[in-house]
Structures are given as C-alpha cells and as structure tokens.
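Visitor: The following block contains the structure, expressed as structure tokens.
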Amino acid sequence: MELLYGPIRNYAWGSRSAIATLQGRPAPSPEPEAELWLGAHPGAPASVDRDGTPVSLVELLSAEPGHWLGPQVVDRFGTRLPFLLKVLAADAPLSLQAHPDPEQARAGHAADAAREVGQRNYVDPYHKPELLVALTPMEALCGFRDPAESAEVLATFDVPSLEPVVAALRTGAAGLADAVRLLLTFPTDQRAGLVAAVASAAVDGPDARLARSLADSYPGDPGVLVALLLNWVRIAPGEAIWMPAGNLHAYLRGTGVEIMAASDNVLRGGLTPKRVDVDELLRVLRFEVLDDPVVRAVPVAPGVVCWPVPVDDFALYQVRVGANRAEVTVPLVGPRVVLCSTGALTVDDGAGSVELGPGQAAVSPAAAGALRIAGTGEAYVASCGLR
Numbered sequence: 001m002e003l004l005y006g007p008i009r010n011y012a013w014g015s016r017s018a019i020a021t022l023q024g025r026p027a028p029s030p031e032p033e034a035e036l037w038l039g040a041h042p043g044a045p046a047s048v049d050r051d052g053t054p055v056s057l058v059e060l061l062s063a064e065p066g067h068w069l070g071p072q073v074v075d076r077f078g079t080r081l082p083f084l085l086k087v088l089a090a091d092a093p094l095s096l097q098a099h100p101d102p103e104q105a106r107a108g109h110a111a112d113a114a115r116e117v118g119q120r121n122y123v124d125p126y127h128k129p130e131l132l133v134a135l136t137p138m139e140a141l142c143g144f145r146d147p148a149e150s151a152e153v154l155a156t157f158d159v160p161s162l163e164p165v166v167a168a169l170r171t172g173a174a175g176l177a178d179a180v181r182l183l184l185t186f187p188t189d190q191r192a193g194l195v196a197a198v199a200s201a202a203v204d205g206p207d208a209r210l211a212r213s214l215a216d217s218y219p220g221d222p223g224v225l226v227a228l229l230l231n232w233v234r235i236a237p238g239e240a241i242w243m244p245a246g247n248l249h250a251y252l253r254g255t256g257v258e259i260m261a262a263s264d265n266v267l268r269g270g271l272t273p274k275r276v277d278v279d280e281l282l283r284v285l286r287f288e289v290l291d292d293p294v295v296r297a298v299p300v301a302p303g304v305v306c307w308p309v310p311v312d313d314f315a316l317y318q319v320r321v322g323a324n325r326a327e328v329t330v331p332l333v334g335p336r337v338v339l340c341s342t343g344a345l346t347v348d349d350g351a352g353s354v355e356l357g358p359g360q361a362a363v364s365p366a367a368a369g370a371l372r373i374a375g376t377g378e379a380y381v382a383s384c385g386l387r
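Sequential numbering from 1 applies to the sequence shown in my numbering.
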C-alpha cells in the first residue's frame with residue numbers, strides 16, 4: 001500500500017475552494033481547480049514517492065504489469081490501468097458532451113491517424129463510460145427527456161425561429177436527431193439573436209432560468225437551447241449519475257467523485273469555446289429518452305455500498321467505518337485506488353499500510369491482499385469491475 005499523489009487540472013470551470021478545502025489547503029486557490037486525477041492516464045498520471053523521487057504510476061505498471069494489474073486485468077485490458085478515478089469540482093457549467101462506445105472509439109481513433117492533430121476527435125481507442133457520485137449537492141444535464149415535454153418548453157418562449165425544432169420534437173423520439181441538428185447547425189450569424197431572444201423572453205420557471213443562466217456564460221452558443229432538451233438532474237450526496245456511451249450530458253455545479261474508463265475521448269456539442277464537431281457528435285449520440293439517470297447505492301457488506309454499472313472497466317465502492325464498525329474488509333479484483341473523503345483512516349493491503357486524511361489517496365497492486373480499512377471516516381475505493 002502506497003500513498004498516491006494526483007495532479008490537479010486547472011480548468012476555467014473549476015472551483016477555487018472545493019478541492020483545496022477537501023485536502024486541507026488554503027482557499028481560495030490561486031487558480032480554479034477542476035479535477036484531481038488519481039490514475040495512470042498518460043495525460044496526467046498520478047505518482048508514488050520512492051526515496052524522495054516521484055515515480056509515475058504509468059512507469060510502475062509498465063515495469064511490473066503482472067504484479068500491479070494481475071492476470072485477469074492483463075488478459076482483459078492489456079498492460080494498462082482501465083479506470084481513472086477523479087474528484088471533480090465545478091463552479092461553472094462544463095461543455096455539453098458525449099463519449100463513444102468501444103467500436104466507435106476504435107474506428108474513430110484509426111481514422112483520426114490521417115488527420116491533423118487539431119482536427120482529431122479521438123485521442124485514444126477506448127470508450128469512456130462514466131459514473132459520478134455526489135460529495136455535495138450537484139446539478140447536471142443528463143440524457144434526453146421526453147421530447148413532448150421539451151417541445152412545450154421551447155414553444156413557451158414564443159420565438160419563431162424555434163418552430164421547426166418544436167415541430168420535430170412533437171414527432172416524438174424519432175424527431176430528436178432533427179431537433180438537435182437544427183439547433184447545432186443554426187446559421188452562425190443568427191445564433192446570438194436566437195439565444196438572446198430565448199434568454200429575454202417573458203417566461204418564468206426553471207427552464208427559463210436555466211436558459212438565462214447558461215446564456216450569461218455562453219452568449220450565442222446553441223448549446224444553451226440543446227440543454228433544454230435534457231434532464232436537469234439534482235443529486236444529493238451519495239447519489240450517482242451514470243453516463244453510458246452516446247449520452248449527451250454536462251455537469252453544471254457541485255463536487256463529486258467520478259470514475260470512468262481510462263480514456264479522454266470527448267465529443268462536444270456546445271457550452272464551450274473548444275472545438276465542436278457536430279457531424280461526429282450526431283453520429284455517436286443515442287437519441288433515446290433517458291427516464292431516470294440517477295443511480296442509487298446498493299449495500300454489498302456492512303459499511304460498504306456500490307453503484308452497479310454494466311461495464312467491467314471499473315467498480316466504485318463507498319466504505320464507512322466508525323465507532324460501531326472498527327474495520328471493513330474489501331476484497332477486489334486487480335489494482336485498487338483508495339480516496340479518503342472524510343475522517344482519519346488506516347488502509348492495509350497485507351503488504352503494508354498507510355494513514356489517510358481527507359483528500360489523500362493510496363494505491364495497492366493486484367498482487368496484494370484484500371484491503372482492510374479502519375479508523376473513523378469515509379473512503380471511495382476504485383477497482384476493476386471484473387469478477
């Protein structure tokens with residue numbers, strides 16, 4: 001068991017207090033801190049300390065894949081860590097985005113090899129399903145809601161330019177693709193006027209307030225209107241959102257623990273100054289209604305819950321220990337990453353132990369024994385989803 005040191009990504013939408021406060025550092029931080037990465041993704045790998053020298057987790061896995069990953073993980077995923085654990089802290093909306101399925105990722109990555117770097121959509125050949133568990137109350141846009149409901153919302157703004165979109169939505173799920181395409185391909189020179197007309201309409205209610213809020217941050221961005229076609233989800237601490245391939249989504253605000261397949265393939269649709277490829281996004285989107293994107297925790301042992309997902313790249317467990325539960329044992333397959341969210345914990349894998357406080361993390365190889373977590377507090381444990 002070794003302490004794991006994750007890099008912080010300083011994106012503009014990040015918080016100046018959430019991650020710093022979690023880790024016990026002064027807040028506000030000098031820059032927005034959006035994500036703490038705890039994995040072996042080559043874009044920002046975490047590291048361990050070896051005699052005062054930081055050693056990348058990528059380097060350790062490459063040197064001893066059997067020890068760190070174990071035969072089951074190597075057979076299924078090769079010599080790479082298939083998951084990435086993060087702390088995500090949003091003070092402003094992230095981009096509207098979706099991720100490819102495994103076949104789309106492989107094909108897209110191969111096709112992108114012939115394109116200039118700035119025109120590539122697929123930086124690796126892997127899919128990127130995601131699960132996010134709230135640490136604080138969170139808001140997100142996640143999956144398409146009933147098109148009939150979206151049609152009525154857009155119609156209330158009484159903006160003539162939206163009439164073809166409303167008509168498409170009134171045909172049901174079959175019209176979702178047309179509605180999204182109409183919005184994302186709206187003439188560039190008319191977008192600012194369209195978004196401004198919606199934002200200034202004499203309409204009240206949560207959808208109007210959402211449109212105005214997004215328009216303040218992204219004036220002229222048609223993603224403001226696409227957002228109104230999605231489920232606006234509020235989740236409490238301990239609740240989760242599952243985002244499979246092709247699911248259009250965006251986090252709006254809040255802090256959570258996120259686990260995903262280790263990929264950085266993102267297809268954006270708006271609410272961003274970054275590159276948007278409308279044709280490719282429409283190709284991977286699943287135009288289907290997502291009735292309930294919220295995932296509830298399932299108990300798996302005393303003091304341990306998980307959020308079941310239909311992929312084997314990762315599994316995420318929440319472990320709570322306290323006065324009435326002196327110790328919890330978590331048997332897992334493959335390497336394990338442990339993040340302490342509250343309290344003071346001792347984590348032992350049979351080969352060694354570490355002390356963790358809030359915001360600290362540790363990593364254990366597959367070759368070690370079951371994790372034993374003691375103390376008082378809460379931890380999130382990431383592993384592969386293999387059985």
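Glycine residues also receive a C-beta, built at the ideal position from the N, C-alpha and C atoms.
For my contact list, V133 and V257 are in at a C-beta cut-off of 8 Å; report their separation, rounded to the angstrom.
Guide: In the sequence shown, the residue the question calls residue 133 occupies position 133. In the sequence shown, the residue the question calls residue 257 occupies position 257. Indeed they touch by this definition, with Cβ atoms about 5 Å apart.
Visitor: Report all residues from its chain with a CB closer than 7 Å to the CB of D51; omit the five preceding and five following residues, and keep chain order.
Guide: Counting from one through the sequence shown, the residue named residue 51 turns up at place 51. So the list is empty, once near-sequence residues are dropped.
Visitor: Less than 6 Å between C-beta atoms, sequence neighbours within five positions excluded: which residues of the same chain meet that for G350?
Guide: Position 350 of the sequence shown, counted from the first residue, corresponds to residue 350. Closer than 6 Å at the Cβ level, and outside the excluded window around G350, lie A368, G369.
Visitor: By Cβ distance below 6 Å, which residues in the same chain neighbour L41 in space, the five residues on each side in sequence not counted?
Guide: Walking along the sequence shown from the start, residue 41 turns up at place 41. A quick correction: the sequence has His, not Leu, at residue 41. So the qualifying residues of the chain are L84, A262.
Visitor: Once you ignore the five residues that flank L225 on each side, which residues in its own chain have a CB closer than 6 Å to its CB?
Guide: The count along the sequence shown starts at 1 and reaches residue 225 at position 225. Excluding positions up to five away in sequence, the list reads L183.
Visitor: Among V74, G6, V58, Q97, which one has its Cα closest to the Cα of V276?
Guide: Residue numbering aside, residue 276 sits at position 276 when the sequence shown is read from its first letter. Among V74, G6, V58, Q97, the Cα nearest to that of V276 belongs to Q97.
Visitor: Just the Cα atoms here: how many angstroms apart are V328 and T272?
Guide: Within the sequence shown, residue 328 is the residue found at index 328, counting from 1. Within the sequence shown, residue 272 is the residue found at index 272, counting from 1. Near 43 Å, if we compare the C-alpha coordinates of T272 and V328.
Visitor: Work out the CA separation of S95 and G269 for me, nearest whole Å.
Guide: Counting from one through the sequence shown, the residue named residue 269 turns up at place 269. Counting from one through the sequence shown, the residue named residue 95 turns up at place 95. Approximately 7 Å, taken between the alpha carbons.
Visitor: In chain order, which beta strand (DSSP E) runs of at least 3 residues are fully inside the segment 72 to 132?
Guide: With a minimum length of 3 residues, the continuous beta strand (DSSP E) runs that stay inside the segment 72 to 132 are 83 to 90, 96 to 98.
Visitor: Counting C-beta neighbours from all protein chains within 10 Å, is the total for N388 16 or more, i.e. buried, or is it exposed?
Guide: Residue 388 lies beyond the stretch modelled for the chain, which goes from 1 to 387, so this question has no answer here.
Visitor: Just verifying my parser: in three-state terms, what is the DSSP assignment at L332?
Guide: Against the sequence shown, residue 332 aligns to sequence position 332. DSSP places L332 in coil when its eight states are reduced to three.
Visitor: Let me know if P147 comes out buried or exposed under the rule of 16 or more other beta-carbons within 10 Å of its beta-carbon.
Guide: On the sequence shown, position 147 is the one that residue 147 refers to. The residue is buried, with at least 16 neighbouring Cβ atoms inside 10 Å.
Visitor: For A196 and Y218, what's the separation of their Cα atoms in angstroms?
Guide: Here the question's residue 196 lines up with position 196 in the sequence shown. Here the question's residue 218 lines up with position 218 in the sequence shown. Rounded to the nearest angstrom, the two C-alpha atoms are 10 Å apart.
Visitor: For the segment 30 to 37 against the segment 296 to 312, are there 3 or more C-beta pairs whose distance is under 8 Å?
Guide: Short answer: they don't touch.
Visitor: Any heavy atom of the ligand MN closer than 7 Å to the beta-carbon of A374?
Guide: The ligand MN is not part of this structure, which contains no ligands at all.
Visitor: Report the option in G108, L281, G359, A250 whose CA atom is closest to the CA atom of L214.
Guide: If you number the sequence shown from 1, residue 214 lands on position 214. When each option's Cα is compared against that of L214, the closest is A250.
Visitor: Since I believe N247 is in contact with G143 (beta carbons under 8 Å), could you give me their beta-carbon distance rounded to a whole number of angstroms?
Guide: Start at 1 with the first residue of the sequence shown, and residue 143 comes out as number 143. Start at 1 with the first residue of the sequence shown, and residue 247 comes out as number 247. Confirmed, about 5 Å.
Visitor: Counting only the same chain and skipping the five closest in sequence on each side, list residues whose C-beta sits under 8 Å from that of P164.
Guide: In the sequence shown, residue 164 corresponds to position 164, counting from 1. Taken in chain order, the residues that qualify are L182.
Visitor: For L290, name the three-state secondary structure that DSSP assigns.
Guide: One-based indexing of the sequence shown puts residue 290 at position 290. L290 falls in the coil class under three-state DSSP.
Visitor: Does the segment 297 to 316 come close enough to the segment 227 to 247 that 3 or more CB-CB pairs lie under 8 Å?
Guide: At 8 Å Cβ cutoff, the stretches touch.
Visitor: Give me the residue from P7, A240, V117, L386 with the minimum Cα distance to M138.
Guide: Locating residue 138 in the sequence shown gives position 138, where the first residue counts as 1. Measuring from the Cα of M138, the nearest candidate turns out to be A240.
Visitor: Do the segment 85 to 92 and the segment 222 to 236 make contact, defined as three or more Cβ pairs closer than 8 Å?
Guide: No, the segment 85 to 92 is not in contact with the segment 222 to 236.
Visitor: Closer than 8 Å is the cut-off here; do at least three beta carbon pairs connect the segment 374 to 387 with the segment 341 to 350?
Guide: Yes, the segment 374 to 387 is in contact with the segment 341 to 350.
Visitor: Comparing alpha-carbon positions, which option in L316, G118, L252, V333 lies nearest D75?
Guide: Position 75 of the sequence shown, counted from the start, is the residue given in the question as residue 75. Residue V333 is the option with its Cα nearest to D75.
Visitor: Helix, strand or coil for S150? Go by DSSP, reduced to three states.
Guide: Residue 150 sits at position 150 when you count from the first residue of the sequence shown. Helix, per DSSP.
Visitor: Can you tell me the Cα-Cα spacing of Q360 and A366, whole angstroms?
Guide: Position 360 of the sequence shown holds residue 360. Position 366 of the sequence shown holds residue 366. Cα to Cα, the separation comes out at about 20 Å.
Visitor: Counting only the same chain and skipping the five closest in sequence on each side, list residues whose C-beta sits under 8 Å from that of L210.
Guide: Looking up residue 210 in the sequence shown gives position 210. Taken in chain order, the residues that qualify are A227, L228, W232.
Visitor: By DSSP, does L228 sit in helix, in strand, or in coil?
Guide: In the sequence shown, the residue the question calls residue 228 occupies position 228. Helix at L228.
Visitor: Thinking G6 and W37 are a contact (beta carbons under 8 Å), I'd like their distance in whole angstroms, please.
Guide: Within the sequence shown, the letter at position 6 stands for residue 6. Within the sequence shown, the letter at position 37 stands for residue 37. Rounded, the Cβ-Cβ distance is 5 Å, consistent with contact.
Visitor: Check this for me: beta carbons of P54 and S62, under 8 Å apart or not?
Guide: The residue given as residue 54 occupies position 54 in the sequence shown. The residue given as residue 62 occupies position 62 in the sequence shown. Cβ atoms of P54 and S62: not closer than 8 Å.
Visitor: Going by beta-carbon coordinates alone, are V330 and L371 separated by less than 8 Å?
Guide: By 1-based counting over the sequence shown, the position of residue 330 is 330. By 1-based counting over the sequence shown, the position of residue 371 is 371. Against a cut-off of 8 Å, the Cβ pair of L371 and V330 comes out as a contact.
Visitor: Which of helix, strand or coil does DSSP assign to W242?
Guide: Taking the sequence shown and counting its residues from 1, one reaches residue 242 at position 242. DSSP places W242 in strand when its eight states are reduced to three.
Visitor: Quick check: the Cα distance between G78 and W68, rounded to an integer number of angstroms?
Guide: The residue given as residue 78 occupies position 78 in the sequence shown. The residue given as residue 68 occupies position 68 in the sequence shown. So the alpha carbons of these two residues sit roughly 12 Å apart.
Visitor: Whole angstroms is fine: what's the gap from S383's alpha carbon to A107's?
Guide: In the sequence shown, residue 383 corresponds to position 383, counting from 1. In the sequence shown, residue 107 corresponds to position 107, counting from 1. Their backbone Cα atoms lie some 27 Å apart in a straight line.
Visitor: Helix, strand or coil, according to DSSP, for E59 in the structure here?
Guide: Taking the sequence shown and counting its residues from 1, one reaches residue 59 at position 59. It is helical.
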